[in-house]
Each structure stands twice: as C-alpha cells, then as structure tokens.
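For the sequence shown, the numbering used here gives the first residue as 6, with consecutive numbering after it.
Ideal Cβ positions, reconstructed from N, Cα and C, are used throughout, including at glycine.
A short worksheet on the structure shown next.
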Amino acid sequence: MRSILIISLLSCFFAAYNAKVFSKCELARKLKAHGMDGFHGYSLANWVCMAQYESDFNTRAFNGKNGNGSSDYGIFQLNNKWWCSDNKHSSANACSIMCSKFLDDNIDDDIICAKRVVRDPNGMSAWVAWENHCRNKDLSKYLASCKL
6 MRSILIISLL
16 SCFFAAYNAK
26 VFSKCELARK
36 LKAHGMDGFH
46 GYSLANWVCM
56 AQYESDFNTR
66 AFNGKNGNGS
76 SDYGIFQLNN
86 KWWCSDNKHS
96 SANACSIMCS
106 KFLDDNIDDD
116 IICAKRVVRD
126 PNGMSAWVAW
136 ENHCRNKDLS
146 KYLASCKL
C-alpha cells in the first residue's frame with residue numbers, strides 16, 4: 006500500500022514537471038480564440054509555423070545559447086534582452102513580466118507578449134525562425150487538417 010502511494014506521488018511530480026506540448030491544431034485553436042488570426046496582418050498559419058520552428062510547440066522550451074548572451078523562453082521563445090526579465094541580465098522587459106512565466110503550461114501571457122512583439126516595426130521578423138521557415142512560404146499545411 007505504501008509503495009502505491011509513493012508511486013502515485015512520483016507520477017504526480019513527473020506529470021507536473023513535464024512540459025505541455027501542443028499539437029498544431031490545438032495551438033491553432035488556442036491562438037484563434039485569443040484573436041491571433043490576422044493580428045497585425047499575420048495569418049494564424051504564420052503563428053503556428055513560427056511556434057513549430059521556435060519551440061516545436063513546447064511550452065517549456067528554453068534556449069540559453071544566444072550569441073549575445075541572452076536567452077529565449079517558452080513556446081514563442083521570447084527573449085530576455087527585450088521582452089522579459091530573468092533578474093540576471095539587464096532587459097528592456099517590454100512585456101513587463103518575468104521570463105519564468107513563459108515556461109509554464111498557461112500560454113495566455115506568452116500570447117499577450119507575442120502580440121506586443123509583433124506590434125514593433127520588425128513585426129514577425131523579430132523571430133529568426135519565422136524569417137527562415139515561414140515568411141513568404143505556402144503555409145496552408147499548418148491548418149489543413151484542423152477544424153477551426
């Protein structure tokens with residue numbers, strides 16, 4: 006009986022630690038519900054493509070290896086030099102949020118910050134992965150199987 010309790014507790018711990026990894030369609034539905042389809046002129050497929058190449062739809066994606074010493078956080082790989090604060094490096098913190106908030110399974114704050122990013126003059130060009138893999142490409146495959 007005791008071993009069942011321990012196993013159950015460990016299962017809960019590992020389930021809480023694992024990241025939420027969205028499917029393409031699940032993320033598309035979430036983004037659409039938050040008004041991302043057509044936001045600042047970018048289709049829903051652009052957002053889904055960008056998230057695939059930035060994080061592979063993983064809410065806990067982290068990249069601490071940028072050439073300028075900065076790090077990227079969460080499903081949209083939001084950077085600590087410009088968009089959030091990690092209390093380790095100076096930051097413009099334009100989204101007024103701690104970077105760690107982008108590493109949880111609730112992406113509502115990630116979406117709010119992504120909307121802030123795209124309002125800047127660079128638009129989605131702020132994301133190198135979008136530039137390299139999504140910009141001016143046929144993105145129809147990103148939503149083809151989704152019932153939106």
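- Between the alpha carbons of Ser96 and Lys152 lies a distance of about 39 Å.
- Residue nearest to Gly79 within the set Asn92, Cys54, Lys86, Phe62 is Phe62 (criterion: CA-CA distance).
- In this structure, Lys120 sits near Phe44, with a CB-CB distance shorter than 9 Å.
- Within the stretch 66–125, the runs of alpha helix (DSSP H) that reach at least 4 residues and sit entirely inside it are, in chain order, 113–124.
- The three-state secondary structure of Asn127, taken from DSSP, is coil.
- Non-local C-beta neighbours of Gly128 in its own chain, meaning closer than 7 Å and more than five positions away in sequence, comprise His45, ordered along the chain.
- Per the coordinates, the alpha-carbon of Lys70 lies some 12 Å from the alpha-carbon of Asn85.
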